[in-house]
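In my numbering, the protein residues as written are 484 to 766.
So, in structure tokens, the structure goes:
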């Protein structure tokens, strides 16, 4: 049958605008991060369940397990939309995935810019977080290990100085403090001893009673905030590479989802066109 003049060229019934490469690439891209998110949630929940209820509630704001659970749940929901949306060619889920991923990317970008522009306020917020972590040092084993790792890694002690450890009830220097660790600092503040086979966990005993010069012979006296700021300034290219490494998968996900959405819309238009002209004798 002759095609009506001016009508667009017809495609076969088996033709599809949706590219299998784009569709399944987006699916497996989201599937990978979906599995990662489930592992993060499982590890975070397990870490929370292993803690005592009182200690868990006391340090809720600085608990690494909570951060792991929150990030894992958000990633799970986001990648779920991407997985199901790409597999089922669902425009609503794909647009939700693309929109949320764009918001996450913009928030990360804004946080980086604001942190650079308002560096003093960012420093104050970091100082608040570190001081809060010092207060709950003995309440959470995960937090304790994280602080010990940070102090050894950056060769520092406390927030501003080693005397910040007096904020902790166990290390407080008040006369009525019955703790054996009164006026001490954690062992992670101590200077490393060459060829030491056994770690001396009491090496920080009574260090807060000493002045900076005397204490510096045994422990790190500089605070971790200055050390962290100096490390950031010295590793801007590394941090930029990490930021780029986080941004590229997000941009790829946004791009693939938008391409797939446009392809699905074109496919819907084609199906409607074929249905409308199937009974047309001039089609």
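Positions of the beta carbon are idealized from the N, C-alpha and C atoms, including for glycine. Owing to the predicted nature of the structure, the values given are computational and were not obtained by experimental measurement.
Check: Beta-carbon proximity check, residue 664 vs residue 688, cutoff 9 Å; Outcome: yes
Check: Rounded C-alpha distance that separates residue 734 from residue 508; Outcome: 14 Å
Check: Straight-line Cα distance separating residue 661 from residue 550; Outcome: 34 Å
Check: According to DSSP, residues forming a beta bridge with residue 702; Outcome: 673
Check: Residue 482, enclosing alpha helix (DSSP H) - first and last residue; Outcome: Residue coverage of the chain in this structure runs from 484 to 766, which leaves residue 482 outside it and unanswerable.
Check: Limits of the unbroken alpha helix (DSSP H) element including residue 568; Outcome: 547-571
Check: Close-in-space but distant-in-sequence residues of the same chain around residue 547 (CB under 7 Å, 5 per side omitted); Outcome: 625, 626, 629
Check: The stretch 751-759 / the stretch 583-603 touching (three or more Cβ pairs under 8 Å); Outcome: no
Check: Every unbroken alpha helix (DSSP H) inside the stretch 563-643 [4 residues or more]; Outcome: 574-600, 602-618, 624-637
Check: Exposure label - residue 568; buried when at least 16 CB within 10 Å; Outcome: buried
Check: Continuous alpha helix (DSSP H) stretch holding residue 516: start and end; Outcome: 503-532
Check: Option nearest residue 711 by Cα separation, candidates 641, 621, 700, 582; Outcome: 641
Check: Local Cβ density within 10 Å of residue 716, reported as buried at 16 or more and exposed below that; Outcome: exposed
Check: Coil, strand or helix - residue 741 by DSSP; Outcome: helix
Check: Cβ separation of residue 516 and residue 558, assumed to be a contact under 8 Å, to the nearest whole Å; Outcome: 6 Å
Check: Cβ neighbours of residue 609 in the same chain (closer than 8 Å, five flanking residues each side left out); Outcome: 708, 711
Check: Alpha carbon of residue 596 to alpha carbon of residue 718, nearest angstrom; Outcome: 17 Å
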